[in-house]
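Residue numbers (the working numbering), protein chains in the order written: chain A, 657 to 1420; chain B, 1402 to 1565; chain C, 56 to 390.
Every residue, glycine too, gets a C-beta built ideally from N, C-alpha and C.
What follows is a set of notes on a single structure, which appears directly below.
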Amino acid sequence: MGTESYSVIGTRQPLIDGLVKASGEAKFTEDLALPGMLIGKMLGSLYPHAKILNVDHSKALTLRGVKAVVSGVDISGKKYGDFASRRDQNGLTLKARYIGDPIAAVAALDEETALEALDLIRVDYEELPVVFDPEHAMEEGAPLIHEEYQRNIVAYRRFDFGDVEAAFRDSDYVREGRFSSQAISHGVIEPRAALAQYDLSGKLTIWTSTQSPYWIRRDLSLILNIPESKIRVIKPYVGSGFGGKGSLYSYQVAASLLAMKTRKPIKICLSREEEISTTCLRAPMIVYVKTGVKKNGTILAQYVRCLADGGAYASSSVLMMYNSGLTCLIPYRIPNFKYDGYMVYTNKPISGPMRGHGANQPRFAIESQLDMIAEDLNIDPAELRLKNATQAGDTSISGLVFNSCELSKAIKETTKHAEWDKKRGQTGSNRGIGLACGGFVSGARLGGHTASGCYVQVNEDGGVTVTTGSSDIGQGSRTIVAQVAAEELGLSPSDITVLSGDSETTPIDPGTFSSRVTFYSGNATLIAAREVKAQLSQIAAKIMKANANDIVFQDKKVFVRGRVDSYISFAELAKKTEGMGSGRLIIGKGQWAPTNTQFPDRETQYGNVSGAYSFAAQIAEVEVDPETGQVKVLKITIGDDCGTVINLSGAEGQAEGSAAMGIGHALMENIIFGNNGQIMNPSFLDFRIPTARDVNDISVLEVGSPDPTGPYGAKEVGEGLLIATVPAIVNAIYDAVGVRITELPATPEKILEALEKKKKEKYL
Amino acid sequence: MKRKLELKVNDEPWEIEVEPHKTLLEVIREDLGFKGAKEGCGLGACGACTVLIDGRPVLSCLTLAVEVENRSITTIEGLAKGSQPDPIQLAFVDHFAIQCGFCTPGMIMSAKGLLIKNQTPSREEIKEALSGNLCRCTGYKKIIDAVESLVRNKKTYLQDDPQK
Amino acid sequence: MMRLPKMDYIAPNTAEEVCSLLNKYGQEAKVLAGGTDLLVASKLGINKLGLIISLGKILDLKGIYEENGYFKIGAMTSLYEVRYNPFILNHYPALAEAAAAVGTMQLQHMGTLGGNLCLNTRCIYYNQSNRWRKSHAICFKMGGYVCHVVPKGKKCYAVFSGDIAPALIALDAQVKLIRTGGERVVPVCELYTGDGREPIALQTGEILAEIRVPLPIGRQYSIYLKYRQRGAIDFPLTGVAARAVINSYGICNDFKLVLTAVDSAPREVFEARELLKGKTLSAEIISQVSQRAMEGAHPVANTSGSTPAYRRKMARMLTLRALTSIAQSLSLVGV
């Protein structure tokens, strides 16, 4: 494949909304206000498991300034949830399933009054037996959190490809182990908020901090029992989501209900405590892995079993547990693979999608185990990866088709750049280097996953408006689609206006999750832009008396190939076009979903779930203080295969952000649950995400080659990267001081204890 | 009991009536309409509410409005000179030091506070000055690059670009 | 948005006015220094204040100067100023390091020396919102009868988590406390009751006006080391301040070792003083002193992250490193 030379694709493109954000003018949901607006506040359960017998808000309503109170009895619609098969949320619950589970909401003239009113609401609870541990929750006789789910198992996914038992028997070496990953919060800096308005015509409009206006619309329609066409969801600027802001949450239901009841605009903003304790977390997971290899390190078989603590509600359960298994098969060739993935309800806050969506936890386990195998067989861990790395043209045993893959290149380049050979195995230096690989889907299509749509319209002055259904939550999707349109039409991204995130005006789009946006929306924009280009080419051909196929759009000029000097500007062409005939509308329409996917078979799960897969190799270099167990991550080197890079700065930004997030997950982040299932550290002081001083050197190497399906050959970037960071760090710790952490986070306490144990054993 | 308060915000005098328990963050956002400073946590642990008082970066969510009468308060809205962005703002945009943008106003104000006191900070000093501003998107590297570029007056990311 | 409860506010011009207001309103009123501890507690509903008395206008509480053998620092001096003051950097490095270790740059600009000394003790069950605490019985510190951390505990074990106190105690500093009709000067260590519930020994109507650090006599070395999980923001999980006065033969004439975050008050390790006085800073002595530090540390599991056992180990480790650092400084000057 030859390297194309593009004008805009592949450049370092600053965000088209960068200056709006840098000026403080970008409006997030909490910044919005409407005349007559009331403030809403949520009331959460004090008990981890209890029937809500009665919510008496009579006293609250007598407080001056209080306008309305709603609770579970005001819900008239059907339960909702991320997936149709697991709709278990009522918005305002009639049975509390975790401490903080929203029961009621108040609307008042101001926030202080609303808060005071909360204290005046009397809730009669009937406490129920609790269960906090997923293994106990699965036992016969454990309290049922949702009656319909036997043994509290909300999702079970299994794969069984090839014959793992036979392959284990044929293996020269088999290793098995148990690993665990902790609960963490997304740590989005913008707390969630919603501003809802309901007018006399029965139209609900809601501005909210979301990754998916259409999911919000769909689920609001269900729970409020009003048609989708009567609901408009608008996404203002969103302060990141990382997967957690796609689902409908109680506060959005409450804001809508209160707006309907009071017929006044209602704004509800979550506090940081509510953010951490009443929105979803990364699922804590126990992962059991067994891998069989030949003595040269070739993988013959792998069995992975995951037990995810799902918390009180299903959220993305079925997809998450599917992902946990599916993504095991992306980075390496595994000829025999078996997977059992369980998600179990417990009386704790909800586990939901978070960057990597179930892939991170098994990846941590597998990459740790591969390093253990490498050591036992005296093979270099990088060599072991190379030996098994997926190659372009492969199809996995589960039917995943890898049209493009540069994982081997990623491994080779990162090991070279990070001086792998030199830095490995430096005994006594307390420094170590570790490697891990990962990979992810570019949007998974498991069934009926809608396409992405786009309109491109040329304005009279030569400006172009791109209307996309995609949701920019900070990852820069607006800029990506602007780059695509600009590339096609020979313009610069600053000439492009991007409209997005309004369910009433932008084309339907599932939203920002599963790393689908560049892939799907990028392609949709490409199609729409090319349609516009074709229309304009026709006009230009007429004007310049040439063949439409010979028209070139470049540097804001339009000309016949080879005759750049007799050009007309794009703006002139647009003006001329509008004036021709009856004033033509130049609009292109694009709709895209990959056609090279295959919905997984219901029984076997065989199928190609994504149009393309990203790959990554990450190398972490750490320094461990052997007397304290404290770890400093000196450098992270990332080899990123996201196919063609559309925005080089954007891709790097994703990589660097994922490095920081991985440092947090590996070393310092931990949601602590008390004996009553309550989150003990629902603050940014006590739930510790990395600060600028906790992140050091990061190098990003782009190693991708164009993918045949992605727009300009681009694939996802951002999720596959994060998946590899945690095991790279943990492997590096082992290389540094010989301590193998199998339960995250790798705290100084654990490392020091292991070091002390090693010292003792040495003297025995 | 509301009381009269004279505030000087972004070089402009403001006369408002506030209750004494109102924080500076509440007042600038709700009374004065400056929405740039954000509440990320409300308890002093994230820095999203950072503004400058007499050139010093402080957390407006933990500052009483009545305490800062007659001091010079600068918010993100006060950095640009007319329609000309401050060099810090341009550096942030050019270096892709912004993703979702929520931490950006506070981050820029902390950077500004640093550069007011120290025009040639080292990379470590920049890191320390910004370590009270949490960012979940960027990993901080491009933010520090952006501030560093103002010190060295070159585009650092191009210089260290492994693509070259 | 996190809002403060309604309260009155007054900003007197003199310390006398502050004291008389405190006398008048008792528990209902508190002084406002930097606000970084008080306002957080108010937002969480831990405090129920009728009146906030600002110290911001009182000029007497600011200012740094030498007088009568002491280096005097007004209680309202910001941590930022303390950190970068040339005299402090030169003669009291432990104090500069402690100020630099507090929180973040913003918190250092806002926070004051006096305020950090008077930090309330902390506990993972206490520093939570009203709503959060409703899921538990009321604990000792909130006026109840139980400790959630120590099973069957009979008292409050909330941990003192300030960085400045150990440094100032190690430096033999004193505080001037002003009340209506008088003042008293006490060693910094007497500011602390040792009670997790009411940790600060200020009498009603009393304010902390000034910190006085004796001018160093002879070769004085001091250092403050802090352990926290991240490189910023966090309170100490363990902190160690050490001060040694070493003569030109390398003999330690005076020594003080003070720990923070291991008890309900800053904790001086008295045995350390005895061990070192009259001796040189040998590796063996350093090891013994560090061991004493660990034995003198009694943290409980009331922090978010870390364990009491680890924090005790860190008390030893930080002491070891603090003393080794002082020993290295000595060898650099040929002692």
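{"Asked": "Which stretch, first to last residue, makes up the beta strand (DSSP E) that contains residue 1274 of chain A?", "Found": "1269–1280"}
{"Asked": "For the pair the stretch 1491–1499 of chain B and the stretch 669–677 of chain A, tell me if three or more CB-CB distances fall below 8 Å.", "Found": "yes"}
{"Asked": "Do the stretch 367–380 of chain C and the stretch 285–299 of chain C touch if we need at least three Cβ pairs shorter than 8 Å?", "Found": "yes"}
{"Asked": "Assuming residue 1000 of chain A contacts residue 809 of chain A under a Cβ cut-off of 8 Å, what Cβ separation, rounded to an integer in Å, is found between them?", "Found": "6 Å"}
{"Asked": "Under a three-way DSSP split, which group does residue 1549 of chain B fall into?", "Found": "helix"}
{"Asked": "Considering just the uninterrupted stretch of the alpha helix (DSSP H) at residue 769 of chain A, what are its terminal residues?", "Found": "767–776"}
{"Asked": "Which residues, taken in chain order from the stretch 1534–1558 of chain B, show a beta carbon closer than 9 Å to some beta carbon of chain C?", "Found": "1534, 1535"}
{"Asked": "Output yes or no for whether 8 Å exceeds the beta carbon distance between residue 1189 of chain A and residue 1241 of chain A.", "Found": "no"}
{"Asked": "Excluding the 5 residues flanking residue 961 of chain A on each side, which residues of the same chain have their C-beta closer than 6 Å to its C-beta?", "Found": "944, 996"}
{"Asked": "Going straight from the alpha carbon of residue 998 of chain A to that of residue 1022 of chain A, what length do you get?", "Found": "18 Å"}
{"Asked": "Leaving aside the five residues before and after residue 927 of chain A along the sequence, list all residues of the same chain whose C-beta is less than 8 Å from its C-beta, in chain order.", "Found": "847"}
{"Asked": "Find out if the Cβ-Cβ distance for the pair residue 916 of chain A, residue 854 of chain A is shorter than 8 Å.", "Found": "yes"}
{"Asked": "Check residue 999 of chain A in the structure and name its three-state DSSP category.", "Found": "strand"}
{"Asked": "With C-beta atoms as the reference, is residue 1336 of chain A less than 8 Å away from residue 1328 of chain A?", "Found": "yes"}
{"Asked": "What residues from chain C crowd round residue 1424 of chain A, counting only those whose CB sits closer than 8 Å?", "Found": "A query on residue 1424 of chain A cannot be resolved here, the shown segment of chain A reaching from 657 to 1420 and no further."}
{"Asked": "Alpha carbon to alpha carbon, what distance is there between residue 390 of chain C and residue 337 of chain C?", "Found": "12 Å"}
{"Asked": "When the Cβ atoms of the stretch 1286–1294 of chain A are set against those of the stretch 1395–1407 of chain A, are three or more pairs found closer than 8 Å?", "Found": "yes"}
{"Asked": "Under 9 Å between beta-carbons, which chain B residues line up against residue 940 of chain A? List them in chain order, please.", "Found": "By Cβ distance, chain B contributes nothing, its closest Cβ being about 20 Å from residue 940 of chain A, past 9 Å."}
{"Asked": "Counting only Cβ-Cβ distances shorter than 8 Å, please list the residues of the stretch 1460–1480 of chain B near chain C, keeping chain order.", "Found": "1460, 1462, 1463, 1464, 1465, 1467, 1468"}
{"Asked": "Have a look at A:826, A:770, A:1042, A:1070 and flag the residue whose alpha-carbon is nearest the alpha-carbon of residue 1274 of chain A.", "Found": "A:1070"}
{"Asked": "Between which two residues does the alpha helix (DSSP H) containing residue 981 of chain A stretch?", "Found": "973–982"}
{"Asked": "DSSP state of residue 1303 of chain A, grouped into three classes?", "Found": "strand"}
{"Asked": "Taking only the alpha-carbon atoms, compute the straight-line gap between residue 705 of chain A and residue 1003 of chain A and give it to the nearest angstrom.", "Found": "6 Å"}
{"Asked": "For my contact list, residue 312 of chain C and residue 348 of chain C are in at a C-beta cut-off of 8 Å; report their separation, rounded to the angstrom.", "Found": "6 Å"}
{"Asked": "Could you compute how far the alpha carbon of residue 689 of chain A sits from the alpha carbon of residue 56 of chain C?", "Found": "14 Å"}
{"Asked": "Of the choices C:280, C:137, C:215, C:330, whose alpha-carbon is the least far from that of residue 40 of chain C?", "Found": "Only positions 56 to 390 of chain C appear in the structure, and residue 40 of chain C is not among them; the question remains open."}
{"Asked": "Write down the C-beta distance between residue 1142 of chain A and residue 1148 of chain A rounded to the nearest angstrom, noting that I regard them as a contact closer than 8 Å.", "Found": "6 Å"}
{"Asked": "Measuring only between beta-carbons, confirm whether residue 260 of chain C sits less than 8 Å from chain A.", "Found": "no"}
{"Asked": "For residue 748 of chain A, count neighbouring Cβ atoms within 10 angstroms of its own Cβ and tell me buried if that reaches 16, exposed if not.", "Found": "buried"}
{"Asked": "For the alpha helix (DSSP H) containing residue 165 of chain C, list its first residue and its last residue.", "Found": "160–165"}
{"Asked": "Give a yes or no on whether the C-beta atoms belonging to residue 1059 of chain A and residue 1268 of chain A are separated by under 8 Å.", "Found": "yes"}
{"Asked": "Chain A partners of residue 58 of chain C, CB-CB under 7 Å?", "Found": "767, 768"}
{"Asked": "Might you give, ordered along the chain, the residues of its own chain that have their beta carbon closer than 7 Å to the beta carbon of residue 340 of chain C, omitting 5 neighbours on each side?", "Found": "330, 331, 334"}
{"Asked": "Interface residues of chain B around residue 361 of chain C at Cβ under 8 Å?", "Found": "Within chain B, no residue comes near residue 361 of chain C; the closest Cβ sits about 17 Å away, beyond 8 Å."}
{"Asked": "When you compare the CB of residue 934 of chain A with every CB in chain C, is at least one pair closer than 8 Å?", "Found": "no"}
{"Asked": "In terms of DSSP beta bridges, what is residue 307 of chain C paired with?", "Found": "C:301"}
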